[in-house]
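Chains as they are written, first to last, in my numbering: chain A, 4 to 185; chain B, 920 to 1033. Notes to accompany the following structure.
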Ligand SMILES: Nc1nc2c(ncn2[C@@H]2O[C@H](COP(=O)(O)OP(=O)(O)O)[C@@H](O)[C@H]2O)c(=O)[nH]1
Ligand SMILES: [Mg+2]
């Protein structure tokens, strides 16, 4: 690398099967890699959980991709499951994040609620990617916004996670938001 | 009765049971580089592997994946190497005062150009 490298990160969440891994892979220069977080990370900041940690060996998988920009900036995309029981992982992943993308499948809008709640209440810049599946009904964007209950300032971008251009559009909407807030 | 005599959370066996890194700065995306001296240092298996992975800057997440351990385990191991000056870490965009508008715009322009 020509000069001292700098890392950046975006977190991608949403319900099971909504397209998170596909989304990460569409932008990544590497095939998305899966790694694990051990459950002890739950116990961070809590006083006496060693007994709990000792009994539990549960790990949760998340995947990530990497894009090298402009020679020395390395942007990571972290795809994380959207169920409420994974908030411990989000606590870890959001530290230092530029922002978050939440993917929504209009057939299962409710799957996006835990992640939306989490990122909104944490004050993390947020963009919503609306993945359109062939058998899903088409809704007007404003209908979806209302169903999701997201603020008017949150970009809502139609997306196909398999399409790099569409994925870029969602990420750019998020980055524009981050820049406007800077 | 406790029929599990091992009090250590299994993935953390390689850290001697330690689940907390000695350095708190390591995030999943933190880039880590091996110090030149590290390549010749006598190191155990996981630590050797980490140093080899970090010949070019790679993130803690990539290290975890490369060594085959959960991220929390990689953090403990990398923090040890950092304390021993066998690796160095690089800044993240959001580490103040790095987070300038200019840098954010470079990221956006970089994504746009992909
Ligand atoms: N039609 C359509 N299919 C998608 C889209 N995103 C993902 N898929 C497909 O949905 C399936 C699940 O995607 P995946 O990325 O594994 O979901 P994850 O569980 O959120 O990581 C895969 O077969 C994808 O090819 C999309 O935007 N549109
Ligand atoms: Mg997935």
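Ideal Cβ placement from N, Cα and C applies to all residues, glycine included. Only a predicted model underlies this, so the values are computations on that prediction, with no experimental measurement involved.
Self-check item: Euclidean distance between Cα positions of residue 87 of chain A and residue 183 of chain A
Solution: Along the first chain, one-based indexing puts residue 87 of chain A at 84. Along the first chain, one-based indexing puts residue 183 of chain A at 180. About 30 Å.
Quiz item: Applying a beta-carbon distance threshold of less than 9 Å, which residues of chain B neighbour residue 76 of chain A?
Solution: Counting from one through the first chain, the residue named residue 76 of chain A turns up at place 73. What residue 76 of chain A touches in chain B: 1012, 1022, 1025, 1026 and 1029.
Practice problem: Under 7 Å from any heavy atom of ligand 2, by CB: list those residues in chain order, please. | Solution: A:23, A:24, A:66 and A:82
Self-check item: Per-residue contacts from residue 121 of chain A into chain B (C-beta, under 8 Å)
Solution: The residue you call residue 121 of chain A lines up with position 118 of the first chain. Within chain B, no residue comes near residue 121 of chain A; the closest Cβ sits about 17 Å away, beyond 8 Å.
Quiz item: By Cβ distance below 7 Å, which residues in the same chain neighbour residue 121 of chain A in space, the five residues on each side in sequence not counted?
Solution: Stepping through the first chain from its first residue, residue 121 of chain A is reached at position 118. Answer for residue 121 of chain A: 90 and 93, listed in chain order.
Quiz item: Do residue 135 of chain A and ligand 1 come close, with the Cβ less than 7 Å from some heavy atom?
Solution: As a first step, residue 135 of chain A is located in the first chain; it is residue number 132 there, counting from the start. At least one heavy atom of ligand 1 is nearer than 7 Å to the Cβ of residue 135 of chain A, so yes.
Quiz item: Is the shortest distance between the beta-carbon of residue 79 of chain A and the beta-carbons of chain B less than 8 Å?
Solution: Within the first chain, the letter at position 76 stands for residue 79 of chain A. Residue 79 of chain A counts as touching chain B.
Exercise. Using only the heavy atoms of ligand 1, determine whether one of them is closer than 7 Å to the beta carbon of residue 937 of chain B.
Key: Locating residue 937 of chain B in the second chain gives position 18, where the first residue counts as 1. The answer is no for residue 937 of chain B.
Quiz item: If you scan the segment 71-158 of chain A from start to end, which runs of the alpha helix (DSSP H) of 4 or more residues do you find wholly inside it?
Solution: 90-97, 116-124 and 144-151
Quiz prompt | Chain-order list of residues whose beta-carbon lies under 7 Å from that of residue 81 of chain A (same chain, five-residue window excluded) | solution = Here residue 81 of chain A refers to the residue found at position 78 when the first chain is read from its first residue. The answer, listed in chain order, is 12, 14, 15, 65, 67 and 96.
Quiz item: alpha helix (DSSP H) containing residue 30 of chain A: first to last residue?
Solution: Counting from one through the first chain, the residue named residue 30 of chain A turns up at place 27. Note, residue 30 of chain A: alpha helix (DSSP H), 23-30.
Practice problem: Compare the C-beta of residue 125 of chain A with all C-beta atoms of chain B and state if any pair is closer than 8 Å. | Solution: In the first chain, the residue the question calls residue 125 of chain A occupies position 122. By this cut-off, residue 125 of chain A is not an interface position.
Quiz item: With respect to the alpha helix (DSSP H) encompassing residue 168 of chain A, which residues constitute its N-terminal and C-terminal limits?
Solution: In the first chain, the residue the question calls residue 168 of chain A occupies position 165. Start and end: 167-184.
Quiz prompt | Close-in-space but distant-in-sequence residues of the same chain around residue 1011 of chain B (CB under 7 Å, 5 per side omitted) | solution = The residue you call residue 1011 of chain B lines up with position 92 of the second chain. Excluding residues within five positions, the ones whose Cβ falls inside 7 Å are 946, 948 and 949.
Quiz item: Would residue 984 of chain B count as contacting chain A if we go by Cβ distances under 8 Å?
Solution: Taking the first residue of the second chain as position 1, residue 984 of chain B is located at position 65. Yes, because at least one Cβ of chain A sits closer than 8 Å to the Cβ of residue 984 of chain B.
Quiz item: Among B:1024, B:942, B:943 and B:998, which one has its Cα closest to the Cα of residue 969 of chain B?
Solution: Your numbering for residue 969 of chain B matches position 50 in the second chain. Ranking B:1024, B:942, B:943 and B:998 by Cα distance to residue 969 of chain B puts B:998 first.
Self-check item: Contacts that residue 940 of chain B makes with chain A (C-beta to C-beta distance below 9 Å)
Solution: Within the second chain, numbered from 1, the residue matching residue 940 of chain B stands at position 21. Within chain A, no residue comes near residue 940 of chain B; the closest Cβ sits about 11 Å away, beyond 9 Å.
Quiz item: Less than 7 Å between the CB of residue 73 of chain A and some heavy atom of ligand 1, yes or no?
Solution: Locating residue 73 of chain A in the first chain gives position 70, counting from the first residue. No, the beta carbon of residue 73 of chain A sits no closer than 7 Å to any heavy atom of ligand 1.
Quiz item: Does residue 10 of chain A get closer than 8 Å to chain B when you measure Cβ to Cβ?
Solution: Taking the first chain and counting its residues from 1, one reaches residue 10 of chain A at position 7. Yes, contact with chain B.
Exercise. Within the same chain, show all residues whose beta-carbon is closer than 7 Å to that of residue 125 of chain A, passing over the 5 residues directly before and after it, in chain order.
Key: Taking the first chain and counting its residues from 1, the one referred to as residue 125 of chain A is at position 122. Taken in chain order, the residues that qualify are 97.
Quiz item: Looking at the unbroken beta strand (DSSP E) that takes in residue 17 of chain A, where does it start and where does it end?
Solution: Residue numbering aside, residue 17 of chain A sits at position 14 when the first chain is read from its first letter. Segment 9-17, the beta strand (DSSP E) holding residue 17 of chain A.
Quiz item: According to DSSP, is residue 995 of chain B helix, strand or coil?
Solution: Indexing the second chain from 1 puts residue 995 of chain B at position 76. Residue state, collapsed to three classes: helix.
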